[in-house]
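S.K.: Numbering (our numbering), first residue to last: 15 to 153.
Even glycine gets a Cβ: it sits at the ideal position worked out from N, Cα and C.
It should be emphasised that the depicted structure is a prediction, and the values quoted were computed from it without experimental measurement.
Below: one structure in structure tokens.
So this is what it looks like as structure tokens:
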């Protein structure tokens with residue numbers, strides 16, 4: 015994967031698109047431990063109850079922006095509204111609302127307020143998992 019990403023970045027640089035391209039590498043959940051996935055330092059893995067089941071790393075490269083660690087909860091459905099706001103795109107008037115929330119202002123340092131205070135982690139028959147701040151609720 016590292017080699018292919020490097021090749022992709024080389025092409026962007028060779029074609030003068032690197033400095034006007036937002037790059038995102040993301041996962042929607044932690045790795046499956048039964049298949050050798052490691053979520054260290056988090057406990058658990060895909061499908062479990064611990065943070066290793068749903069927390070994962072992501073990387074976002076924005077031209078001209080310095081590296082930072084993002085401290086807020088971010089769900090996969092937040093990418094769409096975040097990128098739409100960054101690119102000044104609007105949904106058509108008859109479009110249903112998006113499930114995600116935009117993190118643009120927090121990513122760009124325009125606010126320190128967390129865009130998302132809670133997150134639905136999972137819905138299974140007989141079990142709902144919700145995360146709010148540092149707490150997880152199992153119903």
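Considering just the uninterrupted stretch of the alpha helix (DSSP H) at residue 132, what are its terminal residues?
M.R.: The sequence position of residue 132 within the chain shown is 118, counting from 1. Note, residue 132: premise wrong, no alpha helix (DSSP H); beta strand (DSSP E) at 132–138.
S.K.: Which residues in the same chain as residue 56 place their Cβ atom closer than 8 Å to its Cβ, once the five residues preceding and following it in sequence are excluded?
M.R.: Walking along the chain shown from the start, residue 56 turns up at place 42. For residue 56, where only same-chain residues beyond five positions count, the Cβ hits under 8 Å are 44, 64, 65, 66 and 69.
S.K.: Compare the C-alpha of residue 129 against each of 136, 135 and 120 and name the closest.
M.R.: Within the chain shown, the letter at position 115 stands for residue 129. Residue 129 has its Cα closest to that of 120, out of 136, 135 and 120.
S.K.: Distance check for residue 122 and residue 98, CA to CA, integer angstroms please.
M.R.: Translated into the one-based positions of the chain shown, residue 98 becomes position 84. Translated into the one-based positions of the chain shown, residue 122 becomes position 108. Computed Cα separation, rounded: 14 Å.
S.K.: Only counting the same chain, and skipping five residues up and downstream in sequence, which positions put a Cβ closer than 7 Å to that of residue 34?
M.R.: Looking up residue 34 in the chain shown gives position 20. Excluding residues within five positions, the ones whose Cβ falls inside 7 Å are 77.
S.K.: Can you name the residues that DSSP bridges to residue 37?
M.R.: For the purposes of this step, residue 37 is taken as residue 23 along the chain shown, with counting starting at 1. Looking at the DSSP assignment, residue 37 forms a beta bridge with 75.
S.K.: Where does residue 141 fall in DSSP's three states?
M.R.: The residue labelled residue 141 in the question sits at position 127 within the chain shown. Three-state result, residue 141: strand.
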